[in-house]
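**Q** Quick note on my numbering: the sequence shown kicks off at -4 and runs consecutively.
Glycine included, every Cβ here is placed at the ideal spot set by N, Cα and C.
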Amino acid sequence: MPRTPARAVAPWVRTRLRVAPGTAWAFAFLVLVTAFLAAALPRSVDTYESEGLRHDLAGAAPRNTVLEFTAPMLRPDDPSGGQAADPGPDGQARQRARLERLLPDPLRVDPAESVHGVRTTKWVAGIDRWLPQPYGLPPEFILATPSALAEHTKVREGRLPAKADTAALTSEAAVTAETAKSLRLKVGSVIHVPNRYGSVPLAVTVTGIVEPVRPQGAYWSVETLLRTPAYAMKLGGIETKYFWQAALLLPPEGGPLLQESLGEPELYWRLAPVGGHLTAQDEPRLSRAVASLTGGPDLTEAREVIGPFGTVTTGLDDVVTAYGGMRSAIAPVVAVAAFGIGAVAAVVLAMTGGLSAARRTAELALLRSRGGSLAGIGVRLLGETAVLALPAAGLGLLLATLALPEGRWGPALTAAGAVALLATLALPLRALVLHRRPLAHGGREDLIAARPSRGRTVAELTLLALAVGAVVALRRRGTEDSGDHLVSSAPVLVALIAALVLVRLYPLPLRWAARPARRLRGVVGHLSLARAGRSSATGALPLLALLVALTTAAFGGSVLAGVADARDRAALLETGADARVTGDADAVPLPDGLAEAVRGTAGVKDVATVQVEYGVTLPTTGTGPATELRSAPLVGVEPESYTRLAARTGFGPFPAELLKSTGTGGEDDPERVLPAIASPAVAERLGPEPQGITAAAGSFKVRIVGVRTATPALPEQDFLLVNAADLTNRADTVLLASGPSVSGDALRDVVTAASRDFSVVLRTEQRAAYVDSPMQAGAERIYLAAIGAGAGYAVLAVLLSLLQAAPERAVLLARLRTMGLTRRQGRRLLGLEALPQALLASAGGVLVGWATILLLAPGVDLVRLALAAAPGLASLDSAPLRVDGWSLALPAVGVVVLTGLAAVLQAWWSARGEPIRELRAGDAR
């Protein structure tokens, strides 16, 4: 029986993996971590953007998000024929169901908070004399028939309304407990309102007093008068009068009765949208859906349900637009971090391929010399890396999906696939480039003698042009275009150009330093310089990885520092000091003794009391051209304490002597002249000559002695600042407290003990209010992760560059030890050899990071990233990017220290063995 011939050659991939299992596992782990980070980045962006959209919708006031369908309630004999909707409760319920079905995707509604019914669009007055009339004005009512009243109320007294008789002009009604308390209503009260025909009035009997179940929900909050009465103001003549406004809740059958009133009733359907199902990718569709409902094809369909005169109103489009603006502003800034960490990871993966190719140079050269083809070698190496990289990348993608279940699958798959592709091709491509022709033995890398080729020069010039274009575009356009990847990659391009330039310039200082080193007595200095110029660890890839990592860390640290500065500045603009004490109304004088009590509170170091009078009319005889400024606040201060506060906050400090008292306090002389400090607009309005001022604080003239753009009492307004001691009527209204650790609880206890009409605002509380958006917090987390990952890859780049030269260094140390080199000298040699590369990377990283931030700062505005999106929460005009010294210095020093430690560790490890092991007979090294 013939025997099957045995295979003479073991499988290539299995053999290679068994020969170096540690290297294989390390490579697979690196690919897994990189693929995980690459896949997690787009999914984390999707997660915080989706959370941001849902947060904005949930946090917006219901009246700004509800979809309100309305149609006039026409009488049956109306000749217009525009009544398509059925005003009965059953008909309205059917129409609401149809409206919910025709809502375009991705709009969905919450049935529990949606409501329909009939309401009056004009106020109807209560004509009963027993109703409260504070200024002789009768209360006014809104009559409404909201659906599902039983599900949204708790009956405190009586019962819910059930009857309405149009013929008898009578109806039952319910009122909320707050309405009953304010208007002195009780079960059985009968309220009469005028009839549209002027005959017998409509009689509404209160049958129940109810409490809202979810008072902040859309059911009650869209029209707050349904649950909470209002004390309205009416201007007439010289006296301001007030009167009550409230709502009466009729049964659903009471809709026809409202036609008999003067309230001009309308049918309404309020659909409360929900956002729990929405993702960031739904934003464009949501905008189109709202636009179609309010003025497009879907409005036409809605009018087929509610009538030809029906309208659809909502503020949802404003909420979505504000979200889109914040998303567009934050995305490019985050993209800078993504490009930076992606570039570092790509360089490190390429370095792993270069390290493997360098370690196996002799092996692959032998294969080539014995007839191995480039294609055959490439396929074998491709299979060797693919069997490790592909499963590792797949596992990294799986882990990212499990860690971040919310997010798109496509971008994560593309990112992980790019990592797998690069990791798979790095070794084969590097090997094919090195062995495209057989290598001659004895060649040596010598950076000093190297001459760049013409092709490399062209490539470098091309990259330089791209970098310049990206920087110019970013400075001119800013980061407004979230899809402009060239602008987002500007820091990476700048670091790339710097790495190539530094590699070209690096031989010059080595050549200059090597000449005098020859005359030194020892050999360590000369050898270290010569080795630094010829070391295989010195090249563009390691330097590029370090520069990009350092630049990304510097940029990310500067972004975070700029965000922190912007929030601190905005909080200080809101308060003017560490704590601000003001009355609940303007011009309320501070209680006696409050300033001294606050001064003794824990954490308070200094106190400044000021008198602020708003709306002081400026004279019309000023010589300045600012004619549109008619009035400005008058601020009376105590110069010594106030200027200390101004210097501490940076809001317009001035010498206290500028507001030296004239000694005329208490006098009411319109001709006396007080020195004043004003904002630019007020100074321009008043001019250089004394101008008369008439205010509640007194009558006098002011002469402008100083101009400041801001002042602590009113950091964001125009102002006129005078010495409070010169005011005729002195009454401090604002207290500003300073201290590094002001206790809010203790300060509030002191203020409350003095008066309950004053409130305390802390700078720290204002600052905390700015971090309330998931998009802001998510973007900051990505920057922190980018900084950490960049530092990790930078460390790995340093280790890989040292590992690439480790065998050569071990042989060198062994040979030198046979010639009398001591172990201490060996450690010094390796340390000094690695020092130039480390210094080059650290110094280059500092310079490149500093230059990158200065170049890109004019085009980067951090306001939207730093501050919340709610209008009026903060009013910073801009938050520029600034250089953060710690982000520049710490990573650079870390590179030098790490490189030195790695070199010393390598020298110690090499010294543990015997030189004979490194100097084996016939060793090709």
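Tell me whether isoleucine 122 is buried or exposed, calling it buried when 16 or more other Cβ atoms sit within 10 Å of its Cβ.
**A** Against the sequence shown, residue 122 aligns to sequence position 127. Label assigned to isoleucine 122: exposed.
**Q** From alanine 590 to valine 890, what distance separates their C-alpha atoms?
**A** Indexing the sequence shown from 1 puts residue 590 at position 595. Indexing the sequence shown from 1 puts residue 890 at position 895. When rounded, the distance between both Cα atoms is 53 Å.
**Q** So, are the CB atoms of alanine 326 and leucine 245 less than 8 Å apart?
**A** Here residue 326 refers to the residue found at position 331 of the sequence shown. Here residue 245 refers to the residue found at position 250 of the sequence shown. Not a contact, by the Cβ cut-off of 8 Å.
**Q** What residue range is occupied by the uninterrupted beta strand (DSSP E) comprising asparagine 718?
**A** Taking the first residue of the sequence shown as position 1, residue 718 is located at position 723. 715 to 718 is the extent of the beta strand (DSSP E) around asparagine 718.
**Q** Serine 477 to alanine 641, Cα distance in whole Å?
**A** Along the sequence shown, read from residue 1 onward, the residue named residue 477 stands at position 482. Along the sequence shown, read from residue 1 onward, the residue named residue 641 stands at position 646. Its pLDDT being 49, under 50, serine 477 is placed unreliably by the model, and the measurement read from it follows with that caveat. Taking the straight line from one Cα to the other gives about 40 Å.
**Q** Using the C-alpha atoms, what's the distance from lysine 158 back to glutamate 152?
**A** For the purposes of this step, residue 152 is identified with residue 157 of the sequence shown, where counting begins at 1. For the purposes of this step, residue 158 is identified with residue 163 of the sequence shown, where counting begins at 1. Answer to the nearest angstrom: the Cα atoms are 17 Å apart.
**Q** Roughly how many whole angstroms lie between the Cα atoms of leucine 868 and arginine 667?
**A** Indexing the sequence shown from 1 puts residue 868 at position 873. Indexing the sequence shown from 1 puts residue 667 at position 672. Low confidence applies here, because leucine 868 scores a pLDDT of 43, under 50, leaving its location unreliable; read the following figure in that light. The straight-line gap from Cα to Cα measures roughly 41 Å.
**Q** What ranges does the beta strand (DSSP E) occupy inside the stretch 579 to 638, keeping only unbroken runs of at least 3 residues that lie completely in it?
**A** Complete beta strand (DSSP E) runs here, min 3: 601 to 612, 626 to 632.
**Q** Quick one: using the 10 Å Cβ neighbour count with 16 as the cut-off for buried, is proline 303 buried or exposed?
**A** Numbered from 1 along the sequence shown, position 308 holds the residue referred to as residue 303. Proline 303 should be labelled exposed.
**Q** Whose C-alpha, out of Thr306, Glu828, Ala139, is nearest the C-alpha of leucine 797?
**A** Looking up residue 797 in the sequence shown gives position 802. Leucine 797 has its Cα closest to that of Glu828, out of Thr306, Glu828, Ala139.
**Q** Label tyrosine 318 either buried or exposed according to how many other C-beta atoms from any shown protein chain fall within 10 Å of its C-beta, with 16 as the threshold for buried.
**A** Counting from one through the sequence shown, the residue named residue 318 turns up at place 323. That one is buried.
**Q** Can you tell me the Cα-Cα spacing of glycine 840 and alanine 421, whole angstroms?
**A** Along the sequence shown, read from residue 1 onward, the residue named residue 840 stands at position 845. Along the sequence shown, read from residue 1 onward, the residue named residue 421 stands at position 426. Those two C-alpha atoms are separated by around 26 Å.
**Q** Please name the residue or residues paired with arginine 575 in a DSSP beta bridge.
**A** The residue given as residue 575 occupies position 580 in the sequence shown. BP columns for arginine 575 point to Leu731, Val756.
**Q** For the alpha helix (DSSP H) that proline 650 lies in, which residues bound it at each end?
**A** Position 655 of the sequence shown, counted from the first residue, corresponds to residue 650. Run containing proline 650: none; DSSP gives neither H nor E here.
**Q** Residue range of the alpha helix (DSSP H) that serine 216 falls in?
**A** The residue labelled residue 216 in the question sits at position 221 within the sequence shown. Element bounds for serine 216: 213 to 216.
**Q** Thinking C-beta only, is threonine 570 closer than 8 Å to valine 843?
**A** In the sequence shown, the residue the question calls residue 843 occupies position 848. In the sequence shown, the residue the question calls residue 570 occupies position 575. Taking 8 Å as the Cβ cut-off, valine 843 and threonine 570 do not qualify as a contacting pair.
**Q** Measure the Cβ-Cβ separation of valine 342 and valine 543 and say whether it is below 8 Å.
**A** Sequence index remark: in the sequence shown, residue 342 carries index 347 (1-based). Sequence index remark: in the sequence shown, residue 543 carries index 548 (1-based). Yes, Cβ-Cβ distance for valine 342 and valine 543 is below 8 Å.
**Q** Out of Ala833, Leu178, Pro189, Gln276, which has the shortest C-alpha to C-alpha gap to tyrosine 226?
**A** For the purposes of this step, residue 226 is identified with residue 231 of the sequence shown, where counting begins at 1. Of the listed residues, the one whose Cα sits closest to tyrosine 226 is Leu178.
**Q** May I ask which residues mark the beginning and end of the alpha helix (DSSP H) holding alanine 780?
**A** On the sequence shown, residue 780 is found 785 positions in, with the first residue counted as 1. Here the alpha helix (DSSP H) through alanine 780 covers 769 to 799.
**Q** For leucine 536, write down the residues that DSSP places opposite it in a beta bridge.
**A** Along the sequence shown, one-based indexing puts residue 536 at 541. DSSP output for leucine 536 lists no bridge partner at all.
**Q** Is the beta carbon of methionine 68 closer than 8 Å to that of valine 110?
**A** For this step, residue 110 is matched to residue 115 along the sequence shown. For this step, residue 68 is matched to residue 73 along the sequence shown. It is not a contact, given that the beta carbons lie outside the stated cut-off.
**Q** To the nearest angstrom, how far is it from the Cα of glycine 647 to the Cα of aspartate 856?
**A** Here residue 647 refers to the residue found at position 652 of the sequence shown. Here residue 856 refers to the residue found at position 861 of the sequence shown. Glycine 647 and aspartate 856: Cα-Cα distance of roughly 24 Å.
**Q** With DSSP as the reference, please indicate the residues paired to tryptophan 239 in a beta bridge.
**A** Stepping through the sequence shown from its first residue, residue 239 is reached at position 244. Answer by DSSP bridge pairing, in chain order: Tyr226.
**Q** Would you grab the beta carbon distance between valine 150 and valine 205 for me? Rounded to a whole angstrom, and I think it's under 8 Å.
**A** For the purposes of this step, residue 150 is taken as residue 155 along the sequence shown, with counting starting at 1. For the purposes of this step, residue 205 is taken as residue 210 along the sequence shown, with counting starting at 1. About 6 Å separates the two Cβ atoms, so the contact holds.
**Q** Locate the beta strand (DSSP E) running through phenylalanine 136, then write down its first and last residues.
**A** Translated into the one-based positions of the sequence shown, residue 136 becomes position 141. First-last of the beta strand (DSSP E) with phenylalanine 136: 135 to 139.
**Q** In the DSSP assignment, find the alpha helix (DSSP H) that holds threonine 289 and state where it starts and stops.
**A** For the purposes of this step, residue 289 is taken as the residue at position 294 of the sequence shown. Counting along the chain, the alpha helix (DSSP H) containing threonine 289 begins and ends at 278 to 290.
**Q** For leucine 266 versus leucine 62, is the C-beta spacing smaller than 8 Å?
**A** One-based indexing of the sequence shown puts residue 266 at position 271. One-based indexing of the sequence shown puts residue 62 at position 67. Yes; because the gap between Cβ atoms is below 8 Å, this pair is in contact.
**Q** For the stretch 627 to 644 and the stretch 709 to 719, state whether three or more C-beta atom pairs, one from each stretch, are separated by less than 8 Å.
**A** Cβ pair count under 8 Å is three or more, so yes.
**Q** Comparing alpha-carbon positions, which option in Arg625, Arg355, Pro614, Asp752 lies nearest glycine 578?
**A** Taking the sequence shown and counting its residues from 1, one reaches residue 578 at position 583. Nearest of Arg625, Arg355, Pro614, Asp752 to glycine 578, Cα basis: Asp752.
**Q** Within this structure, are the beta carbons of serine 48 and threonine 60 separated by less than 8 Å?
**A** What you label residue 48 is simply residue 53 of the sequence shown in a count that begins at 1. What you label residue 60 is simply residue 65 of the sequence shown in a count that begins at 1. As written in the sequence, residue 48 is leucine, which differs from the serine given in the question. Contact flag unset, no.
**Q** Arginine 613 to glutamate 760, Cα distance in whole Å?
**A** The residue labelled residue 613 in the question sits at position 618 within the sequence shown. The residue labelled residue 760 in the question sits at position 765 within the sequence shown. A small fix is needed here, since residue 613 is leucine in this sequence, not arginine. For leucine 613 and glutamate 760, the distance between alpha carbons rounds to 35 Å.
**Q** What first and last residue would you give for the alpha helix (DSSP H) that runs through serine 368?
**A** The residue given as residue 368 occupies position 373 in the sequence shown. Run containing serine 368: none; DSSP gives neither H nor E here.
**Q** Determine the direct distance from the alpha carbon of glutamate 608 to that of serine 626, and round the result to whole angstroms.
**A** Within the sequence shown, numbered from 1, the residue matching residue 626 stands at position 631. Within the sequence shown, numbered from 1, the residue matching residue 608 stands at position 613. Going by the C-alpha atoms only, they are around 11 Å apart.
**Q** Hey, is the stretch 659 to 666 in contact with the stretch 693 to 708, meaning 3+ C-beta pairs nearer than 8 Å?
**A** The stretch 659 to 666, when compared against the stretch 693 to 708, does touch it at the 8 Å Cβ threshold.
**Q** Tell me where the beta strand (DSSP E) around leucine 62 begins and ends.
**A** Counting from one through the sequence shown, the residue named residue 62 turns up at place 67. Start and end: 62 to 67.
**Q** Given that a residue counts as buried once 16 or more other Cβ atoms are within 10 Å of its Cβ, and exposed if not, what is phenylalanine 238?
**A** Against the sequence shown, residue 238 aligns to sequence position 243. Label assigned to phenylalanine 238: buried.
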